[in-house]
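In order, the protein sequences belong to chains A and B.
Counting from 1, one number per residue, gives the positions in the first sequence under the numbering used here.
Counting from 699, one number per residue, gives the positions in the second sequence under the numbering used here.
C-beta atoms are modelled at their ideal positions from N, C-alpha and C, and glycine is treated no differently.
First the structure, in the form of structure tokens, and then the observations on it.
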Amino acid sequence: MKNTNPAANPRLVAFDLIACVALAASVALATAIVLIATVLLLAGRAEAAEGPAGTLLLKRLDGGHAPSAPLLSTDVTFRVSGMVARARVVQTFHNASADWVEGVYVFPLPENAAVDRLQLRVGKRLIEGEVRERGAARRTYEQARANGQRATLMDQERPNIFTTRVANIGPRELVAVELEYQQTLRYDNGRYSIRFPMVVAPRYIPGSLKVSAPEQLGWSPNTDQVPDGARITPPVLRPEAGPANPVTVRVELDAGVPISQLASPYHRVDVRHVSESKRQVELADGSVPANRDFELTWVPQSTHAPQIAWFTEQKEGRHYGLLMVLPPAAAPGARLAREVVFVLDTSGSMAGASIRQAKDALGMALARLAPGDRFNVIEFNSSAQMLFADAQPVNPRNVRRAIDWVQSLQARGGTEMAAALRLALDDSDDAGHVRQVVFLTDGAVGNEEALFRLIREGLGETRLFTVGIGSAPNSHFMTKAAEIGRGTFTYIGRIEEVQAKMAALFAKLESPVMKSLEVHWPAGVRAESWPARIPDLYAGEPVVIAAALDRLEGEVRLSGTRDQRTWEASVPLALNGGGAGMGSLWARGKVESLINSIREGAPEDEVRTQVIELATAHGLVTKYTSFVAVDKTPARPSDAHLKLAAVPTNLPDGWEYDKVFGELPQGSTDSRHAMLTGAFMLLLALVMLLASRRRRFA
Amino acid sequence: MKPDLSWGAECAWPTARAEPTRSWPWRSLALALLLIGTLQFGRGAWIQAKAWLAQELIAHAWSRTLNGEKQVKPWPWADTWPVARLSVPVLGIERYVLAGANGSVIAFGPGHLSGTPVPGDAGNSVIGGHRDTHLAFLRHVKPGDALEIERADGKRILYRVLDANVLDKRDVWVAKQEGPNRLTLVTCYPFDALRAGGPQRYVVFAFESKNRGGERGTRG
């Protein structure tokens with residue numbers, strides 16, 4: 001109120017002058033900008049968008065939609081006793097349509113499952129399946145299908161991927177396939193675990209297109225690198241189609257020793273306390289969609305933690321046994337300088353929860369590196385990139401750089417794993433380091449064999465450790481890659497597990513390894529045991545051997561060396577616990593050893609003959625033998641047409657559909673939006689400046 | 699010197715009453731808006747400028763490619779290189795197609811989707827680009843129009859537009875390889891949308907054509 005005349009105050013006059021000039025400049029600038037923006041925008045708008053009306057000539061390339069597939073539900077019951085489990089899996093195919101249907105379901109089982117029984121249930125009848133050579137089984141099935149008989153065929157596509165086909169399911173009819181398998185539990189760091197995978201995650205199928213088979217059931221064609229691509233890529237439901245394929249799980253657990261911690265990390269369960277060593281576990285929600293692995297873990301009470309276990313079963317004059325021996329914990333040895341190469345899968349299948357888990361795990365690993373070590377990081381999707389051209393010494397600057405780089409990575413594109421493995425296994429560096437490759441991936445690829453060969457040939461003195469990430473990792477890839485890579489494997493299924501699981505992995509990476517393990521059977525006992533070559537043991541891991549013997553006399557002796565010290569243990573063969581299904585486990589171990597020998601150069605034809613003979617004798621499904629069951633009476637009228645339909649599967653929990661199945665490139669920028677909002681802001685600023693002047697002089 | 703108060707009504711307002719305490723935050727808000735607005739506008743303009751300047755540099759890289767060099771990076775830190783030259787004679791359009799169709803590449807030019815054959819090779823070559831820069835011309839392309847691809851070896855292949863459709867970003871089947879040799883050009887739709895990231899795509903299908911005779915100078 002004091003200065004009513006602007007001229008009376010020279011400072012105010014100067015300020016007004018500057019403001020006027022600024023205002024003039026702003027008005028000019030804003031006007032120009034708004035004009036430019038308007039012209040740019042209107043130039044675009046002037047052309048009326050022509051509605052593309054033409055029909056799509058190329059629609060036929062789409063492959064069309066599958067006819068209504070049968071609805072599938074699965075009920076699993078585990079009977080766990082000691083360190084083996086027997087599972088009964090009932091797959092019910094419900095044909096809700098008015099047609100006769102042939103249903104095809106591609107599903108996973110544990111990679112070490114010995115599938116030794118299959119029954120087909122039609123109404124009240126149960127038809128026992130038989131194991132035949134794969135081609136013969138298929139022909140039997142096809143014949144039955146053509147005759148209108150209800151029939152089922154179960155093939156093994158990978159050690160952890162199987163297909164059941166059920167022919168001639170009548171309109172609105174239920175047909176069930178009931179299969180059983182035997183498996184050994186995992187015992188690691190004092191904890192038992194059993195996993196049941198529920199869904200075959202979409203796999204990346206590398207290679208170039210091959211002429212497809214007449215019936216195309218998978219979403220991928222066959223390629224030169226994955227000749228059975230179509231068989232391992234069941235159709236995947238879009239997320240909005242809702243979860244399908246309900247699963248119920250029931251575990252009757254008899255641990256043999258008092259149980260102290262029982263956990264189901266991925267599903268809510270109800271646990272019934274039967275006795276100190278027995279529990280009954282069921283899903284709390286009744287059934288869950290088949291979209292992630294089920295896992296149950298438990299820890300024996302510390303005083304009862306097993307050091308040695310020996311179970312046998314007598315069958316047709318032979319004793320089949322399973323031996324487990326846990327060497328005592330190692331004294332911490334002298335720490336050797338290490339060179340660690342981390343490989344991170346950043347393909348589209350990792351998008352979502354998986355990449356967050358992997359980044360977390362990798363961040364933790366990087367922070368844990370010690371001075372004196374060297375490290376490098378590789379990321380791969382459609383191609384592989386290395387952070388440093390060569391492994392770099394561990395120092396805060398390098399580690400910081402690696403952590404920042406890893407955080408900036410995005411999951412998209414293909415899974416060209418071979419390129420990454422080649423980079424990681426190229427150990428042209430100096431020898432003074434123990435070289436370890438830590439491979440973080442979901443293993444969602446179809447060319448496992450080629451990768452195993454690559455690991456085998458490139459390994460040298462490097463050791464490969466796989467870290468299976470996400471809700472449905474490829475267990476076959478994880479375990480076999482680690483076995484061939486002479487390392488070990490870890491699973492991380494939730495972000496909350498990263499800390500504990502990675503800590504356990506570091507303990508293995510940093511502790512001395514038990515090597516040159518050998519098993520010596522007593523003289524005079526004819527024994528055949530698998531694995532033929534016992535793998536090196538990392539901290540907390542037991543030796544597990546399946547054996548067939550002619551009699552149970554004397555002592556079996558185990559020996560190994562760790563930190564230049566010899567370790568020995570012996571177990572009296574007569575001192576055994578009774579077990580069931582040991583024969584299947586032994587045969588399964590032998591089949592695996594035989595298949596491994598192909599990788600080492602054995603002629604496949606010979607191996608094939610041996611596997612078929614062994615598998616038919618023990619009634620096992622293998623890559624060369626299948627189960628087939630045929631109902632005697634024809635059901636389908638000869639004039640009714642049979643429709644083939646693949647059962648669609650869920651996308652694994654936490655995955656992102658668009659990142660896996662791709663999307664068309666995004667063809668737009670925000671430039672117009674930025675220019676327009678920018679122009680508006682400038683305009684607003686101008687109005688505000690004017691208004692501010694109004695107030696000053698009002 | 700006295701201010702020229704005759705400049706405008708606001709400046710010449712005669713009875714000024716200083717209220718610095720009230721106008722100061724107002725004024726700084728206005729200045730902040732001015733700054734942000736300029737930056738925002740500049741960001742948009744920069745996208746456009748970069749898109750078109752890059753094509754000039756790429757033109758040079760392409761001429762070196764035609765002279766036999768391989769994977770010529772248009773600027774030293776580029777992670778892409780030209781793989782073909784696309785032209786639409788009717789519209790007087792010329793674009794250099796870069797390797798890779800991800801965001802960091804198509805900022806500088808239409809990108810060739812890796813995994814599909816290089817434009818000019820047998821099969822279905824998929825090219826992606828921005829609807830508001832390099833592939834804005836697609837809205838003017840009509841069935842029957844000729845597209846020409848110049849390959850790295852200098853050979854030219856003629857294509858004719860068969861059809862164009864609005865599809866969803868998940869319609870990845872357009873990249874399938876079965877069928878005749880063709881170009882599949884993908885951009886975002888609608889052309890006039892202001893924001894990036896919509897689910898729709900505008901896809902132009904052009905099939906290889908041996909027939910040069912029907913070429914027209916202008917569209918009929």
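(message) I'd like to know whether the C-beta of A799 of chain B is nearer than 9 Å to at least one C-beta of chain A.
(response) yes
(request) Look up N596 of chain A in the DSSP assignment and say whether it is helix, strand or coil. (result) helix
(request) Kindly say whether L673 of chain A, judged by its beta-carbon, lies nearer than 9 Å to any beta-carbon of chain B. (result) The residue you asked about is not Leu; residue 673 of chain A is His in the sequence shown. With 9 Å as the cut-off, H673 of chain A counts as an interface residue toward chain B.
(request) Measuring only between beta-carbons, confirm whether Y900 of chain B sits less than 9 Å from chain A. (result) yes
(request) Tell me, please, whether the CB atom of I855 of chain B is closer than 9 Å to any CB atom in chain A? (result) no
(request) Name, in chain order, the residues that DSSP records as bridge partners for M712 of chain A. (result) With chain A running from 1 to 698 in the structure shown, residue 712 of chain A is simply not present.
(request) Determine whether the Cβ of G678 of chain A lies closer than 9 Å to any Cβ atom of chain B. (result) yes
(request) Look at the alpha carbon of G554 of chain A and the alpha carbon of A546 of chain A, and state the distance between them as a whole number of angstroms. (result) 17 Å
(message) Please tell me whether L620 of chain A has its Cβ less than 9 Å away from any Cβ of chain B.
(response) no
(request) Take Q225 of chain A and list the residues in its own chain whose beta-carbon comes closer than 7 Å to its own, dropping the five residues that flank it on each side. (result) P206, G207, N447 and A450
(request) Give, in chain order, every residue of the segment 265-299 of chain A whose Cβ lies closer than 9 Å to some Cβ of chain B. (result) none
(request) Anything in the segment 348-379 of chain A with a Cβ closer than 9 Å to a Cβ of chain B? List those residues in chain order, please. (result) none
(message) According to DSSP, simplified to helix, strand and coil, what is T490 of chain A?
(response) strand
(request) For chain B, find out if any of its Cβ atoms is closer than 9 Å to the Cβ of L56 of chain A; answer yes or no. (result) Caution applies to L56 of chain A, whose pLDDT of 25 falls short of 50 and renders its modelled position unreliable; the model cannot decide the point.
(request) Quick one: give me the first and last residue of the beta strand (DSSP E) that T74 of chain A is part of. (result) L71 to S81
(request) Quick one: grab the DSSP three-state call for K908 of chain B. (result) coil
(request) Jot down the residue ranges of each uninterrupted beta strand (DSSP E) in the segment 449-477 of chain A, minimum 3 residues, whole runs only, in chain order. (result) 463-469
(message) For a contact defined as C-beta to C-beta under 7 Å, what are the partners of T404 of chain A on chain B?
(response) Residue 404 of chain A is actually Asp in this sequence, not Thr. Going along chain B, no residue has its Cβ under 7 Å from D404 of chain A, so there is no contact; the nearest lies around 18 Å.
(message) Check whether chain B comes within 9 Å of A646 of chain A, counting only Cβ atoms and requiring the distance to be less than that.
(response) no
(request) On a CA-only basis, which of A:D653, A:R318 and A:V101 is nearest S354 of chain A? Give me that one, please. (result) A:D653
(message) In this structure, how does DSSP classify P239 of chain A when only helix, strand and coil are distinguished?
(response) helix
(request) Check L174 of chain A in the structure and name its three-state DSSP category. (result) strand
(message) Would you call the segment 306-317 of chain A in contact with the segment 524-538 of chain A, where contact means no fewer than 3 C-beta pairs closer than 8 Å?
(response) no
(request) Anything in the segment 819-837 of chain B with a Cβ closer than 7 Å to a Cβ of chain A? List those residues in chain order, please. (result) G826, G827, H828, R829, D830, T831, L833 and R837
(request) Decide if the segment 66-83 of chain A is in contact with the segment 614-622 of chain A; the criterion is three or more beta carbon pairs, one per stretch, under 8 Å apart. (result) no
(request) Counting only runs of 4+ residues fully inside the segment 265-316 of chain A, write out the alpha helix (DSSP H) ranges in chain order. (result) none
(request) Check G826 of chain B in the structure and name its three-state DSSP category. (result) strand
(request) Closer than 9 Å by beta-carbon distance: list the chain B residues that pair up with Q407 of chain A, in chain order. (result) Ordered by position in chain B, no residue passes the 9 Å Cβ test against Q407 of chain A, which lies about 18 Å from the chain.
(message) Taking the straight line between their C-alpha atoms, what separation do you get for A834 of chain B and T669 of chain A?
(response) 11 Å
(request) Just grab the DSSP bridge partners of G809 of chain B for me. (result) B:L796 and B:G826
(request) Taking only beta-carbon positions, decide if M324 of chain A is within less than 9 Å of chain B. (result) no
(request) Answer yes or no: does any C-beta atom of chain B fall closer than 9 Å to that of R401 of chain A? (result) no
(request) Take every Cβ of the segment 885-894 of chain B, pair it with every Cβ of the segment 825-834 of chain B, and state whether three or more of those distances are shorter than 8 Å. (result) yes
(message) Assuming contact is defined by CB atoms lying nearer than 9 Å, are L440 of chain A and L344 of chain A in contact in what I supplied?
(response) yes
(message) Considering only the alpha carbon of each residue, which of A:F452, A:S97 and A:S626 lies closest to H641 of chain A?
(response) A:S97
(request) Excluding the 5 residues preceding and the 5 following A500 of chain A in the sequence, name in chain order all residues of the same chain whose CB lies nearer than 7 Å to its CB. (result) none
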